[in-house]
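Asks: Mind looking over this structure? Questions follow.
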Amino acid sequence: MEKVTGLVICRNEERNIGACLKSLEWCDETVVVDAFSEDRTIEIAGSYTHNIHLNEWKGFREQRMFALSKVHTGWILSLDADERCTPQLAAEIRKTLATDAVDHSGFRIPRKSYFLGKWIKHGGWYPDYQLRLIRAGKATVTDRLVHESYDVDGSTGKLESDIEHYTAYSVDDYLAKINKYSDLSALEKQSQKVGFFRLFVYPRLEFVKQYIFKGNFLDGKEGLMVSNFHMITKILTYMKVLELQKK
45 MEKVTGLVIC RNEERNIGAC LKSLEWCDET VVVDAFSEDR TIEIAGSYTH NIHLNEWKGF
105 REQRMFALSK VHTGWILSLD ADERCTPQLA AEIRKTLATD AVDHSGFRIP RKSYFLGKWI
165 KHGGWYPDYQ LRLIRAGKAT VTDRLVHESY DVDGSTGKLE SDIEHYTAYS VDDYLAKINK
225 YSDLSALEKQ SQKVGFFRLF VYPRLEFVKQ YIFKGNFLDG KEGLMVSNFH MITKILTYMK
285 VLELQKK
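Numbering (our numbering), first residue to last: 45 to 291.
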């Protein structure tokens, strides 16, 4: 079996980094790339690995590309600090890579998200496949400001076991997250025309699509909150696009 590196980029993640790195202890090595955290992130990470690199934050793509350059094994399992590799996923990865010849250059992994005390199973939140197990030397990162992802040179397969994503611990926590993401999304969309449809109709259509047609109503009150946040994110994004255009 080829060796696997657990790879994490982070900044100011003292609440999450310990559990994330603990879930990667089965890997042959772990690499952390930190953007000069101001809390205890580096101290906590040092309890799990000495392979810690500091790199100034210039964007998600740039940070992930820098992180890829620090890996020296055949395979990479990339997680964010608020994600965990389950024992079932670790076992499945070991079994998958134990074969003499793995045809794929990457594997998409289902991700389930924990929102205010509940696993969200609908609304497009699950299985939410993510390309996170990638062959070193075959991967690059998409050129996006937000919701960037990996691309690989070659075919991809799918695994069955989950990544766990602890997306929000509180309403304030999630508001801060969507405020940051809407900033980046607005920069990507700043050339789009913004009028009544984008500011009013489109966000509400997105709410209906996620809550009704994608089934968030099946997740109870938390599902309703998720769909409301989805709508608010769209509203914020296009308000910020309009602000950028006015500047």
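Positions of the beta carbon are idealized from the N, C-alpha and C atoms, including for glycine.
Values in this document were obtained by computation on a predicted structure and should not be read as measured data.
What residues in its chain sit with their C-beta under 6 Å from that of Tyr225, if we drop five residues either side in the sequence?
Replies: Here residue 225 refers to the residue found at position 181 of the sequence shown. Excluding positions up to five away in sequence, the list reads Val190.
Asks: Measure the beta-carbon distance from Ile53 to Ala111 and round it to whole angstroms, keeping in mind my assumption that it falls under 8 Å.
Replies: Residue numbering aside, residue 53 sits at position 9 when the sequence shown is read from its first letter. Residue numbering aside, residue 111 sits at position 67 when the sequence shown is read from its first letter. That pair is a contact at about 5 Å.
Asks: Assign Val215 to buried or exposed, taking buried as 16 or more other Cβ atoms, counted over all protein chains shown, within 10 Å of its Cβ.
Replies: As a first step, residue 215 must be located in the sequence shown, where it is residue number 171. Exposed.
Asks: Grab the span of the alpha helix (DSSP H) containing His116 for me, first residue to last.
Replies: Counted from its first residue, the sequence shown places residue 116 at position 72. From DSSP, His116 is part of no alpha helix (DSSP H); its letter is neither H nor E.
Asks: When DSSP builds the beta bridges, which residues end up paired with Gln289?
Replies: Mapped onto the sequence shown, residue 289 falls at position 245. Answer is none; Gln289 lacks a bridge partner.
Asks: From this set, Cys129, Glu208, Arg176, Asp195, which residue's C-alpha is nearest Lys162's C-alpha?
Replies: Taking the first residue of the sequence shown as position 1, residue 162 is located at position 118. Ranking the options by Cα distance to Lys162, first place goes to Glu208.
Asks: Give me the Cβ distance between His116 and Asn260, rounded to the nearest whole Å; I'm assuming they're in contact under 8 Å.
Replies: Stepping through the sequence shown from its first residue, residue 116 is reached at position 72. Stepping through the sequence shown from its first residue, residue 260 is reached at position 216. With a Cβ gap of about 42 Å, His116 and Asn260 do not count as contacting.
Asks: What is the residue span of the beta strand (DSSP E) that Gly50 lies within?
Replies: Taking the first residue of the sequence shown as position 1, residue 50 is located at position 6. Element bounds for Gly50: 48-54.
Asks: Per DSSP, His97 is paired with what?
Replies: The residue labelled residue 97 in the question sits at position 53 within the sequence shown. Partner(s): Val77.
Asks: Of the residues Ser157, Leu68, Lys284, which one's Cα is nearest the Cα of Tyr210?
Replies: Taking the first residue of the sequence shown as position 1, residue 210 is located at position 166. Taking only the C-alpha atoms, the option nearest Tyr210 is Ser157.
Asks: Comparing C-alpha positions only, which one of Gly150, Ser67, Leu51, Val270 sits nearest to Tyr218?
Replies: As a position in the sequence shown, residue 218 is number 174, starting the count at 1. Closest option to Tyr218, Cα to Cα, is Val270.
Asks: Do you know whose CA, among Asp197, Gly239, Gln289, Glu204, lies nearest Ala230's CA?
Replies: Counting from 1 along the sequence shown, the entry for residue 230 is found at position 186. Nearest of Asp197, Gly239, Gln289, Glu204 to Ala230, Cα basis: Gln289.
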